[in-house]
Amino acid sequence: MDGDAAGGMGEADRRAIEQRLALGGPIRPRSPEDFDSSYSTRPPWDIDKPQPVFAALADTGELVGRVLDVGCGTGEHVLMASARGCEATGIDLAAVAIERAEVKARERGLSARFLVHDALDLGSLDGPFETVLDSGLFHVLDDADRIRFVDGLRVVTVVGGRYHMLCFSDRQSGDWGPRRVREVEIRQCFSSGWHVDSIEPVYFETNLDPYRAHAWHSTITRA
Ligand code: SAH
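First residue of the sequence shown? That's 3 in this note's numbering, and the numbers climb one at a time after it.
Encoded structure:
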């Protein structure tokens with residue numbers, strides 16, 4: 003029987019399910035190769051504007067000094083920082099995303115630095131940075147990689163510098179999308195050499211339907 007005619011799954015539902023399948027499951031962290039290929043179409047997190055939570059940071063003057071965006075994707079947060087007068091660098095493993103970010107920078111007449119670089123090797127970046135942004139990177143890392151990432155982050159962040167992280171939250175139901183993160187896991191990862199200033203329940207915007215997902219916004223200062 004035709005599902006649509008029976009009032010079953012419509013085209014929009016089907017599209018939403020396909021998009022969610024494209025996001026993968028929540029448990030298995032996705033590989034760099036997965037990410038490069040996910041940019042062959044528009045991935046669900048690529049919303050052509052900053053995440054509202056990070057836009058608010060810019061509005062309240064939280065983007066200071068040299069800004070690094072880890073896992074910057076197509077660069078909206080880097081370009082936002084650059085537009086606010088910051089010296090901004092974005093890194094991502096997906097070369098396709100970095101190319102798109104560079105095109106956007108040229109089109110908008112903004113100067114920013116975009117590098118294909120592994121966030122698990124932050125120590126080799128020419129830091130230090132006063133502000134580090136992470137929208138959707140931390141939640142793709144498995145437990146071992148979280149440790150490597152935070153070790154490198156410690157090296158490139160100045161003492162007193164701030165790391166702002168937006169990750170999927172365990173408050174989000176369902177099993178689609180990235181790994182859910184619990185507040186206690188964030189506190190554990192940043193228990194040494196950092197001060198966790200706040201972990202707020204917020205939303206990630208996506209281009210899916212429904213478009214919002216539960217997230218945590220963590221503000222963490224390098225001690
Ligand atoms: N911050 C962007 C992209 C979020 S999706 C945005 O808000 O739109 C997560 C990004 O992390 C992807 O672009 C993916 O390619 C990148 N990524 C995943 N693992 C990475 C790693 N080890 N090093 C650098 N980037 C990585």
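Here a beta-carbon is modelled for each residue, glycine too, at the ideal position from N, C-alpha and C.
Distance cut-off 6 angstroms: residue i Cβ against heavy atoms of the ligand SAH
| i | result |
| --- | --- |
| W218 | no |
| L124 | no |
| F37 | yes |
| L59 | no |
| D120 | yes |
| G75 | yes |
| L127 | no |
| D144 | no |
| G226 | With the chain covering 3 to 225 only, the question about residue 226 has no answer from this structure. |
| L95 | yes |
| L139 | yes |
| W47 | yes |
Contact under 7 angstroms by Cβ, residue i with residue j
| i | j | result |
| --- | --- | --- |
| F131 | R68 | yes |
| E224 | V152 | Per the sequence shown, the amino acid found at residue 224 is Arg instead of Glu. In this structure, V152 does not lie closer than 7 angstroms to R224 by Cβ. |
| A96 | A114 | no |
| R189 | V183 | no |
| V157 | G125 | yes |
| A99 | M82 | no |
| V105 | H219 | no |
| H216 | L135 | no |
| L65 | R86 | yes |
| R150 | L127 | no |
| C191 | R148 | yes |
Whole-number beta carbon distance between residue j and residue i, since they are thought to touch under 8 angstroms
| i | j | result |
| --- | --- | --- |
| T133 | G163 | 7 angstroms |
| V238 | L139 | What the structure shows of the chain is the stretch from 3 to 225, and residue 238 is not part of that stretch, so it cannot be assessed. |
| I93 | E207 | About 22 angstroms; that fails the 8 angstroms criterion. |
For residue i, the first and last residue of its enclosing alpha helix (DSSP H)
| i | result |
| --- | --- |
| G154 | D145 to V158 |
| V105 | A97 to R110 |
| S39 | P34 to S40 |
| E64 | E64 -> no alpha helix (DSSP H), and no H or E assigned at all. |
Beta strand (DSSP E) segment containing residue i, residue limits
| i | result |
| --- | --- |
| R214 | R214 to R224 |
| E202 | W196 to E207 |
| D50 | From DSSP, D50 is part of no beta strand (DSSP E); its letter is neither H nor E. |
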